Every structure is written in C-alpha cells, then in structure tokens.
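Inspection log for the structure reproduced underneath, given as structure tokens.
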Amino acid sequence: MLYQAEYFQQNMDSVFASLADNVKNPFNEYIKILVEYGIVGFFLFMVVVINLIKTWNCNRDKIYLLPVFWSVSAIAVLAFFSYPLDCPGVVLVLVLNVAILNTYQTTIWKIEKKILLKAVAGGITIFALLFLGIVYCYGRSEYVWYKIANSSFAGKTREVLPEYQKLYGWLGKDGLFLYNFGAELQQIGEYEASIRVLEECCLRLNDYDVQLLLAENYTRLNMLERAKTHLSMASNMCPVRFVPLYKLMNICLKEGKIEEAKRYARDLVNKPIKIHSVRVDRIKDMAKKVLDE
C-alpha cells in the first residue's frame, strides 16, 4: 500500500485511480514469495517445484496420478493471476497432492530414500511436536482473542484490555491483532497508547484503515498536522475513497484555513463515485455547503 500511495501521489490523474483499493496481497503468488522472502526464499521454493516436476516425470506412466498432477497444475496457473494460497481449502488440497506425489519419490537429489529417512526421521518428529505445540498455543490465543473482541463489542472494552496485553506475547506480530488492539485503545480514549501500537502495526500491516485510525488518534490529541499527514497518505493509498478528503476538509475548517478547506471541498464535489452510498451522498452535500458558504 505504501508503493501504491507513492504511485498515486506522483500520478494523480492515473486511470488506475478508480480501480485501486485497500489491497493486502499482490495478484501473483510467485511475486509475493519473491518480495516477502527474498531471493533465498524464492530459490528454496523453486527447489521444491523442480523436485515435484522430477517426481512427476518419473511417474507419468501412472494414470491414477493424473488428477493429482492436474490439480497441482491448476493451482500453479491460478497463482499467476490471484492469491489462491490465502484460501485454507486450496492450501489443504495442494498439501495433500504434494504429499501424494512425494510417496512415489524414489530419490531426492540423488540421495537414497532409505538413507534420507533414517537421517531426518528423528528431526522431523521433534519438529512436528514443536510445531503442534506452537499451533495449539497460537490457536488458543486466537480463540481467546475472538472471545474478548466480542466482549469489547458488547461495551466491556476496559475490562478486557488486560487480556489484550496478555495476548500480545503470542499475537504481537499479527498485524490484524495489532490493528484491533489499537482500535480498542482508541475506543477508551488511550490515544497515545493506541498510536504506539499502531506504529508497530505499520511494520506488519500498513493500509488505508491503519492510516485512518492513526489520523483519528492525532486529531483527538489536537495534533492536526500529524493527522493531516496520515489522512493524505490514506487518500493516496485509495484515491477513490471520500472519507480522508472529508476529514481533511473538516480539519482545515477547524484551523480556520478556509481556502484550503474549499480546495478539498471542490475535490469532493468533483470526485466520481465508484459505489453509491448514503454516506458518500452526505459527504458531497457537506462539501457543497462549504463551497456555498
């Protein structure tokens, strides 16, 4: 989203502005792997892919493996144009198919299967036990998070805040958890604490919603210039959205900068509507009133 914001800041009249939205994944799994894990990670990924291709070539006479091959191929092709690995069902199908192919593997990079199995069996067992333990702890933390989030929605935000702090140990690197934690802190008026959590969130997840939340915190603290910076970032991230410009207009009115407020008002009035809603209509009406006055 930061790259998207930079692009639209430099290309304000781009034809892509009406299409861009709050995207968290590239529409290409291979590019995502390269960007997120670097050249080394992509190389290891390609090792696995080449190994699967070698396994298939050695077993293409087995007709009953055709459904497995076509299933993996379909996911591989889809990965060029979307992000199928974000869907747990697709991941499950892929893992099962890869496991089936590996059962027909006689050698792995010229290492006999028996030797390899003896060498790594103990390590795999230990790793599996550790992995299951981590999955259990993480899953339990997510379940507790779900429960306290519902309690917070019911108006018990202050009561569940200590639980959020306890969960930070396990979920502190989860961008969605940090966003939710920051939003809860804002809800009870802990604006500075919310900003600290959201700034950490930006290292994991930095999108339109996070920028709006940061802007709201700074507005409540009357740090209006900082608020305007984050609103401008949100507007550049998603040029089609009306809320950032509307909030910028209101801040300028609060500061007494009438001409600047009118500039934002004109932008709002002239901005094409992608999806009609009551809120957008109200924002346009407010912008018209600012221009009329």
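For the sequence shown, numbering that gives the first Met the number 0 assigns the number 0 to the initial residue and increments by one for each residue that follows.
Glycine included, each C-beta is placed from N, C-alpha and C at the ideal position.
From a predicted model like this one, the values you see are computed outputs, not experimental measurements.
Assigned exposure category for ALA148 - 16 Cβ within 10 Å defines buried
Translated into positions along the sequence shown, residue 148 becomes position 149. By the 10 Å Cβ count, ALA148 comes out buried.
Who are the Cβ neighbours of VAL196 in its own chain at under 7 Å, not counting the five residues just before and after it?
In the sequence shown, the residue the question calls residue 196 occupies position 197. The residues are LEU177, PHE180, GLY181, LEU184.
Per-residue DSSP class, three states only, for LYS172
Position 173 of the sequence shown holds residue 172. Looking at LYS172 - three-state DSSP - the assignment turns out to be coil, as it is neither helix nor strand.
Can you tell me whether ASN297 is helix, strand or coil according to DSSP?
Because residue 297 is not part of the residues shown, which for the chain are 0 to 292, the question remains open.
Within 8 Å, do at least three Cβ pairs link the stretch 92-106 to the stretch 133-149?
no
Separation of ARG59 from LEU175, as counted between CA atoms:
Translated into the one-based positions of the sequence shown, residue 175 becomes position 176. Translated into the one-based positions of the sequence shown, residue 59 becomes position 60. Rounded to the nearest angstrom, the two C-alpha atoms are 44 Å apart.
Can you have a look at PHE241 and say buried or exposed, based on whether 16 or more other CB atoms are within 10 angstroms of its CB?
For the purposes of this step, residue 241 is identified with residue 242 of the sequence shown, where counting begins at 1. Counting of Cβ neighbours within 10 angstroms places PHE241 among the buried residues, the total reaching 16 or more.
Extent of the continuous alpha helix (DSSP H) run through LEU202
The count along the sequence shown starts at 1 and reaches residue 202 at position 203. Careful: LEU202 lies outside any alpha helix (DSSP H) and carries neither H nor E.
Have a look at PHE80, LYS53, VAL47 and flag the residue whose alpha-carbon is nearest the alpha-carbon of VAL94.
For the purposes of this step, residue 94 is taken as the residue at position 95 of the sequence shown. Closest option to VAL94, Cα to Cα, is VAL47.
Tell me which same chain residues have a C-beta within less than 8 Å of the C-beta of LEU223, skipping the five on either side of it?
In the sequence shown, counting from the first residue as 1, residue 223 sits at position 224. Spatial neighbours of LEU223 in its own chain (CB-CB distance under 8 Å, excluding positions within 5 residues in sequence) are listed in chain order as TYR217, ILE250, LYS253, GLU254.
Please list the terminal residues of the continuous alpha helix (DSSP H) segment that includes VAL22.
As a first step, residue 22 is located in the sequence shown; it is residue number 23 there, counting from the start. Looking at the DSSP string, VAL22 is not in any alpha helix (DSSP H), and its letter there is neither H nor E.
What's the C-alpha gap between ASP20 and LEU230?
Counting from 1 along the sequence shown, the entry for residue 20 is found at position 21. Counting from 1 along the sequence shown, the entry for residue 230 is found at position 231. Whole-angstrom Cα-Cα distance: 15 Å.
What do you get for SER151, buried or exposed, if any count of 16 or more other CB atoms within 10 angstroms of its CB means buried?
Residue numbering aside, residue 151 sits at position 152 when the sequence shown is read from its first letter. With 16 or more Cβ atoms within 10 Å of its Cβ, SER151 is classed as buried.
Using the three-state DSSP reduction, which class does VAL277 fall into: helix, strand or coil?
Here the question's residue 277 lines up with position 278 in the sequence shown. The answer is helix: DSSP assigns VAL277 an H, G or I state.
Exposed or buried, which one is PRO87 when buried takes at least 16 other CB atoms within 10 Å?
The sequence position of residue 87 within the sequence shown is 88, counting from 1. Exposed: under 16 other Cβ atoms inside 10 Å.
Residue from VAL268, ALA214, ASP208 with nearest C-alpha to TYR190
Your numbering for residue 190 matches position 191 in the sequence shown. Nearest option by C-alpha distance: ALA214.
With distances taken between CB atoms, is the gap from MET236 to LEU267 smaller than 8 Å?
For the purposes of this step, residue 236 is taken as residue 237 along the sequence shown, with counting starting at 1. For the purposes of this step, residue 267 is taken as residue 268 along the sequence shown, with counting starting at 1. No, the Cβ-Cβ distance between MET236 and LEU267 is not below 8 Å.
Between which two residues does the alpha helix (DSSP H) holding CYS237 run?
Indexing the sequence shown from 1 puts residue 237 at position 238. First-last for CYS237: undefined, no H or E at that position.
Check whether MET0 and TYR245 have beta carbons under 8 Å apart:
Residue numbering aside, residue 0 sits at position 1 when the sequence shown is read from its first letter. Residue numbering aside, residue 245 sits at position 246 when the sequence shown is read from its first letter. No.
Could you work out which residue in PHE79, ILE187, GLU141 is closest to ASP173 when comparing CA atoms only?
Here residue 173 refers to the residue found at position 174 of the sequence shown. Comparing Cα positions, the closest option is GLU141.
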